[in-house]
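Just so we're on the same page, the working numbering is the position in the sequence shown counted from 1, plus 58.
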Amino acid sequence: MKIYIDSRETGLYEKCVLSNDGNGTFVEVEQKPLPLGDAIIESDEGRPVWLIERKSLFDLLASIKDGRYVEQSFRLENSAEFPRHNVVYIIEGMYSQLASFQQKKVILSTIASLSLFKGFSVFRTCNLQETAELLVWVADKIDRKFQKGTMPHDCRWNVQSLPMPVQSLPMPVQSLPMPEEHYSTVVKKVKKENVTEDNIAVIMLCSIPGISSATAISLMREHEGSLKRFIQTLENDPSIVENTMIGEGEKKRKISKNMVATLKQYLLR
Numbered sequence: 059m060k061i062y063i064d065s066r067e068t069g070l071y072e073k074c075v076l077s078n079d080g081n082g083t084f085v086e087v088e089q090k091p092l093p094l095g096d097a098i099i100e101s102d103e104g105r106p107v108w109l110i111e112r113k114s115l116f117d118l119l120a121s122i123k124d125g126r127y128v129e130q131s132f133r134l135e136n137s138a139e140f141p142r143h144n145v146v147y148i149i150e151g152m153y154s155q156l157a158s159f160q161q162k163k164v165i166l167s168t169i170a171s172l173s174l175f176k177g178f179s180v181f182r183t184c185n186l187q188e189t190a191e192l193l194v195w196v197a198d199k200i201d202r203k204f205q206k207g208t209m210p211h212d213c214r215w216n217v218q219s220l221p222m223p224v225q226s227l228p229m230p231v232q233s234l235p236m237p238e239e240h241y242s243t244v245v246k247k248v249k250k251e252n253v254t255e256d257n258i259a260v261i262m263l264c265s266i267p268g269i270s271s272a273t274a275i276s277l278m279r280e281h282e283g284s285l286k287r288f289i290q291t292l293e294n295d296p297s298i299v300e301n302t303m304i305g306e307g308e309k310k311r312k313i314s315k316n317m318v319a320t321l322k323q324y325l326l327r
């Protein structure tokens, strides 16, 4: 059995390795970029078993506030490789850490929504160490069950088909298409009443991945708030954009080459 930890979750990866070492399991822990979720448990044949989204109490509250929770849960709902029950939310932290009863109410309501209305599995752990132990021991339990020929009740493949090579599997979760007409309905948007002729260009630039509000403001300031003029400069004389200074005072810095490349990718197609 294999546990893949997303490359951004270094702390979780290290805890999983420590929890796994010397415990007599046949579980392998690896770290790699994951396009969906924070961790995945797979069989040795590459069969997906669990898709894990880990949230601390404060991460969950923040994602609800800024709209990421709706977007992420939508993507997880549409991960065709995994039955809903095998999409697992791990809610990490102690309720005593919360600042108010209202925050606790929001957390509990969200857990109810995830479990009852979205059909996900939800686990709670006290800290990162418990989360790592949960992943390792669940993977070990699944491995021992599979060795006996016991399959999950809602399994989409059976024990006879286990030797099938990974290449013959259906489309992997990494390449699952996201229907744009639905995805666009859950992406966080600025309230329409807050959009004006003066800030629309900045708002549009901020919707590009990796472009912060400070970057967008600096770019528009150099082009008198005109998105059209900025795109023309980007296309005809990108060196002007590359020399744009971002920030104020001592924190001023030149825009990075990666940002310029991203702007070209999204605006010059």
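Built from N, CA and C at the ideal position, the CB exists for glycine as well.
Within the same chain, show all residues whose beta-carbon is closer than 7 angstroms to that of residue i, passing over the 5 residues directly before and after it, in chain order.
i           : result
residue 122 : 164 and 168
residue 161 : 119
residue 201 : 59, 84 and 85
residue 256 : 283
residue 183 : 148, 150, 189 and 192
Determine, using beta carbons only, whether residue i and residue j come nearer to each other than 7 angstroms.
i           : j           : result
residue 65  : residue 91  : yes
residue 85  : residue 59  : yes
residue 142 : residue 177 : yes
Once the 5 residues before and after residue i are set aside, which same chain residues still bring their CB inside 8 angstroms of it?
i           : result
residue 113 : 121, 147, 148, 149 and 150
residue 302 : 276, 277, 280, 312 and 313
residue 253 : 261
residue 179 : 143, 144, 145, 146, 147 and 173
residue 181 : 146, 147, 148, 149 and 192
residue 310 : 303 and 304
residue 68  : 89
residue 296 : 318 and 322
residue 286 : none
According to the neighbour-count rule (16 or more other Cβ atoms, all chains shown, within 10 Å of its Cβ), is residue i buried or exposed?
i           : result
residue 96  : buried
residue 272 : exposed
residue 294 : exposed
residue 153 : exposed
residue 193 : buried
residue 70  : buried
residue 319 : exposed
residue 166 : exposed
residue 131 : buried
residue 100 : buried
residue 306 : exposed
residue 98  : buried
residue 269 : buried
residue 63  : buried
residue 222 : Reliability of the predicted coordinates at residue 222 is poor, the pLDDT of 39 falling under 50, and the value obtained from them is presented with this limitation in mind. That one is exposed.
Measuring CA to CA, which of the options is closest to residue i?
i           : options               : result
residue 325 : 312, 303, 291 and 304 : 291
residue 61  : 129, 207, 195 and 304 : 195
residue 127 : 319, 316, 171 and 107 : 171
residue 203 : 320, 79 and 83        : 83
residue 156 : 117, 322, 140 and 131 : 117
residue 289 : 268, 270 and 263      : 263
residue 300 : 102, 321, 286 and 285 : 321
residue 78  : 274, 197, 115 and 284 : 197
residue 199 : 287, 81 and 323       : 81
residue 317 : 102, 104, 285 and 266 : 266
residue 135 : 115, 175, 104 and 124 : 175
Spatial neighbours of residue i within its chain, please: C-beta separation below 6 angstroms, excluding the five flanking residues on both sides.
i           : result
residue 73  : 186, 187 and 190
residue 315 : none
residue 298 : 291
residue 158 : none
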